[in-house]
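Taken in sequence, the protein lines are chains W and H.
Per our numbering, the first sequence starts with residue 1, numbered consecutively.
Per our numbering, the second sequence starts with residue 1, numbered consecutively.
The C-beta atom is built at its ideal place from N, Cα and C for all residues, glycine as well.
Nothing here was measured: the structure is a model prediction, and the numbers come from that model.
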Amino acid sequence: MNHQLLLSLISGVFIAGAAAYLGTLMLSRKMAVVAGPLGHLALPGAALALVYGFSLSVGAFPFIVLGIVVIWLLEIRTKLPMEALTAIVFATGVGTAFLFLPIGKAEAALIGDISQVGVGQTVAAVVLGVAVLLAVQRSYAQILLIGIHEDLAKTEGVNVRLFNFIYLAAIAVVVALGVDLVGGLMTAALVAIPAAAARNVSRTLGQYGMAAGAFGVLSAVAGILAAAPTRLPAGPLVILASAGIFGVTLFWSQA
Amino acid sequence: MSEAALEVRNLSVTLNGTAVLSGLNFRVEEGEFLTIMGPNGAGKTVLVRALLGLMPHEGEVKWRPGIKIGYLPQGLNQMFVRDVPVTVGEFFGLRRVGAAETARCLELVGLPRAMAQKPAGYLSGGEFQRMLVAWVLAGRPQAVVLDEPTTAVDVAGGETIYSILGKAGREEKLTILNVTHDLNVVFAHSTHVLCLSRVGHRCFGVPREVLTPEVLNELYGAQLKFYTHP
């Protein structure tokens with residue numbers, strides 16, 4: 001196996017695994033589609049990255065963090081639903097992006113380019129992927145309880161603001177990393193599809209998280225390995241592999 | 001006089017410039033079953049949230065120091081957990097309740113301990129509501145606050161839940177604050193009632209003493225009477 005393919009596979013596995021595990025929480029809180037708008041929010045940063053020649057994730061991350069902080073502050077201030085606030089902020093991001101995005105070079109920003117990932121980016125994907133997995137695993141009960149009923153979580157002593165922030169920060173990291181793998185257009189699929197497939201075959205929370213992570217990793221490996229022989233971009237292939245797994249799980253659906 | 005489980009003095013809550021509650025005073029002793037009743041919009045849920053420190057208020061809400069409070073909020077229904085593949089045992093685990101305590105509480109409400117392995121989203125409506133009561137009783141709280149706990153179950157199911165709570169109240173000296181519209185619950189299970197109305201009328205005391213037909217009429221604006229079978 002060549003060195004570049006190995007780096008792509010390692011990056012893809014950690015990004016997709018963390019995204020899928022986080023996706024189980026986002027699906028439970030009916031926020032899986034929020035990752036889509038947030039991916040779009042990365043586009044102004046991706047535009048800068050393409051213009052100045054640095055990593056898409058590095059360009060995307062500050063814009064996503066800025067967007068998340070604005071959403072978090074607006075949620076405290078207005079109590080509007082988080083998906084409505086996300087829609088407002090992401091539309092601003094997309095509008096800004098298309099003022100600066102060099103359309104001729106936009107493909108990588110829109111559908112990702114994991115095939116050219118470097119050693120530094122791979123290390124970042126591993127470290128941040130593990131950090132997201134640990135943060136989500138340790139906050140899972142509290143974040144789920146907030147989703148079930150915020151007042152109930154408060155009376156159980158859960159610091160709702162803190163855990164909402166951890167949750168949003170994890171989403172920001174996953175979306176920024178996801179831009180490298182599948183681009184700004186399809187990050188929602190990284191969190192939503194493996195989690196939805198896992199939902200079909202799980203009866204317990206433990207199975208749910210494990211299955212989602214496994215489906216995410218499997219999709220990333222299949223998509224990246226299929227890219228070279230088919231001469232197609234890895235991003236869309238990862239998503240199609242994920243959709244294929246979802247299709248198969250329909251035969252085992254618990255619902 | 002012994003220390004009250006809860007003492008409320010001059011409690012007022014204002015929402016968007018409108019006084020929802022003003023100058024409310026009452027006291028709940030340990031082991032009492034207080035029902036908070038009144039028509040929609042009278043401020044029952046606002047009162048519960050203020051008592052639990054979940055919203056800004058004026059006046060004094062004084063729980064007995066160190067008291068452990070369980071809370072079952074309004075609208076915690078099965079749809080919330082149906083979207084998540086969570087077993088009953090894992091649902092208890094969200095509150096860091098262990099397997100032994102989960103089994104004890106399930107049996108307390110008349111459910112088999114094996115139910116801990118079942119998906120919570122697919123219990124029957126009655127089983128789910130009983131499971132929620134077990135959930136709120138887990139960890140042996142000394143007081144529980146329940147906001148319309150029987151809205152999703154039929155009359156028989158609701159009666160079972162109140163019987164369970166009454167039994168737990170007697171056996172474990174549990175103080176119960178319960179919000180309901182159901183007059184039957186007030187007369188059959190409550191030691192005290194606090195009634196609130198949209199026009200500021202209120203009453204507090206033993207149900208048979210304070211819930212006269214005139215009071216019910218003022219509360220609900222209809223000619224209501226409550227009859228008990230001889």
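So who's on the other strand from residue i, going by DSSP bridges?
i: Pro119/H; result: Thr87/H
i: Arg208/H; result: Paired residues: none, contrary to the question.
i: Trp252/W; result: Looking at the DSSP assignment, Trp252/W forms no beta bridge with any residue, so it has no partner.
i: Phe26/H; result: Val8/H
i: Gly70/H; result: Val144/H
i: Arg202/H; result: Leu196/H
i: Lys33/H; result: Rather than Lys, the amino acid found at residue 33/H in this sequence is Phe. Answer is Ile176/H.
i: Glu3/H; result: Its beta-bridge partners do not exist; DSSP assigns none.
i: Lys62/H; result: Glu7/H
i: Ala19/H; result: Thr14/H
Am I right that residue i and residue j are in contact with their C-beta atoms under 8 Å? What's the rounded C-beta distance?
i: Met37/H; j: Cys195/H; result: 5 Å
i: Leu72/H; j: Val136/H; result: 5 Å
i: Ala212/W; j: Ala189/W; result: Their Cβ separation, rounded to whole angstroms, is 13 Å, which puts Ala212/W and Ala189/W out of contact at 8 Å.
i: Leu168/W; j: Ile68/W; result: 5 Å
i: Ser28/W; j: Val84/H; result: 5 Å
i: Val61/H; j: Leu21/H; result: Not a contact, Cβ separation roughly 11 Å.
i: Asp256/W; j: Leu15/H; result: With chain W covering 1 to 255 only, the question about residue 256/W has no answer from this structure.
i: Ile148/W; j: Val81/H; result: 7 Å
i: Val191/W; j: Met82/W; result: The Cβ separation is near 15 Å, so there is no contact.
i: Pro194/W; j: Phe163/W; result: No, Pro194/W and Phe163/W are not in contact; Cβ-Cβ is about 23 Å, not under 8 Å.
i: Ala47/W; j: Leu101/W; result: 4 Å
i: His189/H; j: Leu34/H; result: Rounded, the Cβ-Cβ distance is 11 Å, inconsistent with contact.
i: Gln238/W; j: Ala16/W; result: Sequence check: residue 238/W is Val here, not Gln. That pair is a contact at about 7 Å.
Checklist entry - With contact counted as at least three CB pairs below 8 Å, one residue from each stretch, are the stretch 118 to 135 of chain W and the stretch 144 to 158 of chain W in contact? => result no
Checklist entry - Do the stretch 178 to 198 of chain W and the stretch 66 to 76 of chain W make contact, defined as three or more Cβ pairs closer than 8 Å? => result no
Item to check | Runs of alpha helix (DSSP H) lying entirely within the stretch 101 to 173 of chain W, each at least 4 residues, in chain order | outcome: 107 to 111, 119 to 148, 150 to 155
Item to check | Every unbroken beta strand (DSSP E) inside the stretch 207 to 244 of chain W [3 residues or more] | outcome: none
Next on the checklist: If the cut-off is 7 Å on Cβ atoms, which residues from the stretch 34 to 55 of chain H count as contacting chain W, listed in chain order?
Outcome noted: Arg49, Leu52, Leu54
Checklist entry - Quick one: complete alpha helix (DSSP H) runs, 4+ long, within the stretch 5 to 89 of chain W? => result 35 to 41, 43 to 52, 56 to 78
Checklist entry - What residues from the stretch 31 to 59 of chain W come within 9 Å of chain H, judged by C-beta to C-beta, listed N to C? => result none
Item to check | Residues from the stretch 194 to 214 of chain W in contact with chain H, defined by Cβ distance under 8 Å | outcome: Arg199, Ser202, Arg203, Thr204, Leu205, Gly206, Gln207, Tyr208
Next on the checklist: Three Cβ pairs or more, each shorter than 8 Å: is that satisfied between the stretch 227 to 234 of chain W and the stretch 108 to 122 of chain W?
Outcome noted: yes
Checklist entry - Using a beta-carbon distance cut-off of less than 9 Å, what residues from the stretch 70 to 91 of chain W approach chain H? => result Across the stretch 70 to 91 of chain W, no CB contact with chain H closer than 9 Å is found for any residue.
Next on the checklist: Whether or not the stretch 10 to 26 of chain H and the stretch 237 to 252 of chain W are in contact is what I'm after, with contact meaning three or more pairs of Cβ atoms, one per stretch, closer than 8 Å; do they touch?
Outcome noted: no
Item to check | Proximal residues, the stretch 77 to 105 of chain H versus chain W, C-beta separation under 8 Å | outcome: Phe80, Val81, Asp83, Val84, Pro85, Val86, Thr87, Glu90, Gly93, Leu94, Arg95, Arg96
Next on the checklist: With a threshold of 8 Å, are at least 3 pairs of Cβ atoms found where one atom belongs to the stretch 216 to 231 of chain W and the other to the stretch 52 to 62 of chain W?
Outcome noted: no
Item to check | At least three beta-carbon pairs within less than 8 Å, the stretch 143 to 155 of chain W to the stretch 51 to 70 of chain H | outcome: In short, these stretches touch, since the Cβ pair count reaches three.
Next on the checklist: Can you pull out the residues from the stretch 117 to 146 of chain W whose beta carbon lies closer than 8 Å to at least one beta carbon of chain H?
Outcome noted: Those would be Ala141, Leu144, Leu145, in chain order.
Checklist entry - Relative to chain W, which residues along the stretch 117 to 130 of chain H have a C-beta separation below 7 Å, given in chain order? => result Correct list: Pro119.
Checklist entry - Would you call the stretch 85 to 93 of chain H and the stretch 162 to 173 of chain H in contact, with 3 or more CB pairs under 8 Å? => result Touching, no, given that fewer than three Cβ pairs across the two stretches are closer than 8 Å.
Item to check | Members of the stretch 150 to 176 of chain W that neighbour chain H once the beta carbon cut-off is set at 8 Å | outcome: Answer in chain order: Asp151, Leu152, Lys154, Thr155, Glu156.
Checklist entry - Between the stretch 174 to 183 of chain H and the stretch 101 to 108 of chain H, are three or more C-beta pairs nearer than 8 Å? => result no
Next on the checklist: Taking beta-carbon pairs under 9 Å, can you tell me which members of the stretch 3 to 24 of chain W lie near chain H?
Outcome noted: Thr24
Next on the checklist: Taking beta-carbon pairs under 8 Å, can you tell me which members of the stretch 210 to 222 of chain H lie near chain W?
Outcome noted: Within the stretch 210 to 222 of chain H, contact with chain W at the beta-carbon level (separation under 8 Å) is assigned to no residue.
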